[in-house]
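Straight run, no breaks: the sequence shown in the numbering used here ends on number 460.
Backbone N, C-alpha and C define an ideal beta-carbon position, used for all residues, glycine too.
The structure under discussion appears below in the form of structure tokens.
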Amino acid sequence: MNIEEKIQKDVNLTTKTSFRIGGLAKFFIDVKEKEDLVEAIRWAREKELKVIYWGGGTNVLVSDQGIDGLVIKFSNFDIKVKGDRLDCGAGASLMRASRMAAGDKLTGFEWAIGIPGTIGGAIRGNAGAYGLYIGSYVETIDVYDTEKERFFTMSRSDGDFSYKKSIFTKRHDLLIWGAVFKLERGNVFEIDKLNEEYMSHRKGTQPNLPNAGCIFKNISYEKVKIENPKLAKEIEEHNPGFVERGMVPVAWLIDQLGIKGKVMGGAKISLQHANFIVNTSNAKAEDVVMLISYIKQQIRDKYLLQL
Ligand SMILES: Cc1cc2nc3c(=O)[nH]c(=O)nc-3n(C[C@H](O)[C@H](O)[C@H](O)COP(=O)(O)OP(=O)(O)OC[C@H]3O[C@@H](n4cnc5c(N)ncnc54)[C@H](O)[C@@H]3O)c2cc1C
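In structure tokens:
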């Protein structure tokens, strides 16, 4: 089958996002092999089409007008356990990687147990929870350079990981094809206990309605200390764990504004978690965008902070 035969037309993205929002992708391809990735990008370039890369669609807001271009979804979802290492395709589920690690008595990936999406998406945004981030467990990354049209192996230090960032958030010409993670041998009871704790914490604090996880990144405590010292004191009192890590939880700030439950069209600020927006029924991307602007404005007016 040539590449054109593998490309689908007018694919509905609504069901491919955790937000359940978005129009059609004019062209869409599931990529399982390296050659297909290379050829799909070439095909789009020849036609001067925009290319959008897709993992699990759990951290994106797609326009209701859809995407007038080619969506390339990473579907290389293999995970191999090799001793104390996990070798994962970019399209592999992060949660499955966490479960497989636990099943092989490997510790280090428990924080990932409730985070949807793929390994590729997680590496790009340095996904994490409870003060732990995927970047710390990366040994090597298999990268595709779309300009030079070549694959190469990158070490963790070249991944340039920081809070919610990596080299891939800066260099859009680089794609993640896979990664090897180094974990540790652990105690199966302790691993299971931690997984249960994390899962029950998520169930108790996160909404069931369609969403895309936290909307805003947490902000730096140092920044708040400079811009609003009075607020910084209050934050320290109520969120010592976050402050210890140099962070201010935006959910707490939104909560203090008393705007949880605010609705715009089909979008609503979650009652369970103030940093989540949920799709209550047929929300439009525009509803979410308007609600985001509203929250930003409220935070600016009340706390003199920019989200
Ligand atoms: C209920 C819920 C809970 C969540 N909890 C957390 C949490 O605790 N911590 C956290 O960090 N996040 C959390 N998230 C957000 C989200 O799950 C993560 O950010 C996840 O890592 C995104 O992965 P994805 O595959 O879905 O990426 P997508 O949403 O598909 O894509 C996100 C970005 O990554 C790019 N991308 C995807 N794959 C590749 C690739 N192979 N190479 C280069 N770029 C790529 C895309 O182009 C896009 O820009 C949560 C989301 C939900 C819905």
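Between Leu384 and Ala420, the C-beta spacing is not below 7 Å.
Per the Cβ contact rule, the region 395-406 is in contact with the region 363-382 (3 or more Cβ pairs under 8 Å). Here His391 is exposed. Its C-beta has fewer than 16 other C-beta atoms within 10 Å. The C-alpha of Ile272 lies about 24 Å from the C-alpha of Gly222. For Ala250 against Ala265, the beta-carbon gap comes to about 7 Å, under 8 Å, which counts as contact.
A distance below 7 Å between beta-carbons, with the five flanking residues on each side excluded, links Gln425 to the following residues of its chain, in chain order: Thr358, Gln359, Pro360.
The nearest non-hydrogen atom of ligand 1 is less than 6 Å from the C-beta of Tyr206. Between ligand 1 and Arg277, a heavy atom-to-CB distance of less than 6 Å is present. Residue environment analysis places Ser310 among the exposed positions, since fewer than 16 neighbouring C-beta atoms fall within 10 angstroms of its C-beta. For the 7 Å CB-CB criterion, Ala197 and Val191 do not form a contact.
The alpha helix (DSSP H) runs of length 4 or more contained entirely in the region 395-453 are, from start to end of the chain, 403-410. Taking a cut-off of 8 Å on C-beta distances, the region 425-442 touches the region 211-229, as three or more cross pairs fall below it. Residue environment analysis places Asn364 among the buried positions, since at least 16 neighbouring C-beta atoms fall within 10 angstroms of its C-beta. No heavy atom of ligand 1 is found nearer than 6 Å to the CB of Gly222.
With a cutoff of 7 Å on beta-carbon distance, Lys179 and Gly210 are scored as not near each other. The three-state secondary structure of Thr358, taken from DSSP, is helix.
Scanning its chain for C-beta atoms nearer than 8 Å, with the 5 sequence neighbours on each side dropped, one finds around Leu177 the residues Asp163, Val164, Asn165, Leu166, Gly219, Ile220, in chain order. Segment contact: the region 339-359 against the region 251-265, three or more CB-CB distances shorter than 8 Å; contact assigned.
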